[in-house]
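A.B. asks: Have a look at this one.
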Amino acid sequence: MEALDLSPGEHRCPGPSTRDIIIADRQPVPEALLVEAPAYLGDEDIGYDRYTSPAFFDLEMKKLWPRVWQWVAREEELREAGDYVTYDIGPYSFLIVRGADDVIRAFYNACLHRGTQLRASDSSGFAEQLRCPFHGWTWSTEGDLQSIPCRWDFPHVRDDMFKLPQVKVATWGGFVFLNMDEHAVPLEEYLGVLPAHMKDGWDLGRRAVAVHIQKELPTNWKAAQEAFLEAYHVVETHAQNLPFAGDANAQYDLFGEHVSRFVHTHGVPSPHYPEAQTEQQIADKMHLPAGTIVPEGGTARNVAATWRRDNLGRKWGLDLSHYSDSEMLDSIEYHLFPNMCMFPGVSLPMVYRFRPIGMDPGRTLFDLLFLRPLAEGESHPEPVAPVRIAAQESYGSAPGVEPWLGATFDQDTNNLIQQYRGFHASKKRGETLGNYQESRIRHLHQTIDRYLNA
Ligand code: FES
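This is the structure we're talking about:
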């Protein structure tokens, strides 16, 4: 019988929790996985106009995006002096370059003559100089003005006043971040618990991009990522996973202003799954090789983790024996405000980013990366080029995505399309969130409000 004297946000799904399942594993897990940090943040509806209103979107562009740290590149994309990538978000465009002095800088991607982008959006490559394609004004990769055609006509242009304007840059976990706010807190402070949690086997700096998919999603950037901040939707949207994956018993943690996390387990059925199953029956549904046997007294979870440890270890030339079953199997997802998710686990080593496209609140670019661990002493290989797929194309059509996982992402896309249409159609003007399972969504909105109201 459910306890009725609990406060809002304290109710939990009956049955074994994520923590119970992880502790019952044979191998100990990293300390970070044993931390629990739930919080009740209120139960007011979240207005749909926060997703659809051009005025709200405009406010985010003016008061949110210019003040947050945002991931713009992987360090391996900028290995050599002269390597560059562009990064666009809403109306903003930046050119991120490794200079001849080996420093990574981020410049506003606009010429100081008549404003032309120095490099086109979505481009990357190598440049000895930053030369504007319109009239040829040229800067060094450190941002110093080098030449102006017909210089005699510009006696009013002083070199020291025409350095390319920069924004702050910092790196962590192999990612390059920028912040447009010159008074921004240092990245290490902004990251909160992440550096303490993401160390040793979770160091994303010691991983390489194996897959990079980009897809435009026809919804608001917040709605797009919120679909990935809760496991509440699994019972209805991804019912095929219920025989072997936790959902209602997922763990949700809020760490300060900028970080949240969920952990949901694999190898143990959902609390929603009605049928009793043997461990062998569970294993048979877990996309393991045909004929995989769960030994007497064994568990599907341990067998699946062991197979993945062996199989992926062989594939990558790595000893994965120090990873616990939880790290090998579970969905361990950290969110870094405002738009980045990262999975330090081994079998689902994904990174997500959700960016507004242009000035339309209903257009989002979803970057989906898979990072594989590097072998001892292995240096980062050449970064893979992003594969862009259309909204209606299956994720499974992209190389490197397992069919079952591609189908799962496709189910999420279908929801997003119908949800955004429903935001506009609804008579009720806001969404009603669960106190615990959807607490990360409320956390996101409350942090947004702190920026908008600051
Ligand atoms: Fe760049 Fe003229 S706009 S050189």
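Take any residue in the sequence shown, note its place counting from 1, add 54, and you have its number in our numbering.
Yeah, the Cβ is synthetic: ideal placement off N, Cα and C, and Gly gets one too.
Computed from a prediction, not measured in an experiment: that's the story for all the values here.
1. Any contact of the stretch 335-347 with the stretch 123-137, i.e. 3+ C-beta pairs under 8 Å?
2. When you compare the stretch 149-160 with the stretch 205-223, are there three or more beta-carbon pairs, one atom per stretch, that lie closer than 8 Å?
3. Within 10 Å of its beta-carbon, does H389 have 16 or more other beta-carbons around it, so buried, or fewer, so exposed?
4. Within its chain, find whatever has a CB closer than 6 Å to the CB of P297; leave out the 5 residues flanking it on each side and keep chain order.
5. Suppose you measure from the CA of H65 to the CA of F463; what does that come to, to the nearest Å?
6. Under 8 Å from any heavy atom of the ligand COA, does the C-beta of G169 make it?
7. Once you ignore the five residues that flank A91 on each side, which residues in its own chain have a CB closer than 7 Å to its CB?
8. Residues in the same chain with beta-carbon distance under 7 Å from T72, minus the five sequence neighbours each way, listed in chain order, please.
9. Secondary structure at K222, three-state DSSP: helix, strand or coil?
10. I'd like to confirm the pairing. Which residues does DSSP put opposite P410 in its beta bridges?
11. Just the Cα atoms here: how many angstroms apart are V265 and L166?
12. In chain order, what are the residue ranges of uninterrupted alpha helix (DSSP H) at least 4 long that sit wholly in the stretch 243-318?
13. Any heavy atom of the ligand FES closer than 8 Å to the beta-carbon of F188?
14. Residue ranges of each alpha helix (DSSP H) run of no fewer than 4 residues wholly in the stretch 85-119, ordered along the chain?
15. Classify D364: buried if its beta carbon has 16 or more other beta carbons within 10 angstroms, exposed otherwise.
16. Any heavy atom of the ligand FES within a distance shorter than 8 Å of the CB on W523?
17. If you measure from the CB of C67, is any heavy atom of the ligand FES nearer than 8 Å?
18. Based on Cα-Cα distance, which residue from N507, G352, V247, Q500 lies nearest to G96?
19. Excluding five sequence neighbours on each side, which residues of the same chain lie with their C-beta closer than 6 Å to the C-beta of N233?
20. Can you name, in chain order, every residue of its own chain whose Cβ lies under 6 Å from the Cβ of V438, other than the five neighbours on each side?
21. If contact is defined by three or more beta carbon pairs under 8 Å, each pair taking one atom from either stretch, is the stretch 163-177 in contact with the stretch 104-117?
22. Using a Cβ-Cβ cutoff of less than 6 Å, which residues in the same chain neighbour E56 once the five nearest sequence positions on both sides are dropped?
C.D. replies: By the coordinates alone:
1. no
2. yes
3. buried
4. P323, Y327, K339
5. 29 Å
6. Annotation note on the ligand COA: not contained in the displayed structure, which lists the ligand FES as its ligands.
7. D307, L308, F309
8. G300, N303, A304, Q305, V317, H318, T319
9. strand
10. T418
11. 36 Å
12. 248-251, 275-280, 288-291
13. yes
14. 85-88, 103-106, 108-113
15. exposed
16. A question about residue 523 goes unanswered here, because the residues of the chain that appear run from 55 up to 508.
17. no
18. Q500
19. W123, K222
20. V263, H266
21. no
22. Unreliable placement is indicated for E56, whose pLDDT of 49 sits below 50; the coordinate value is still reported in the next sentence. Same-chain partners within the cutoff: there are none.
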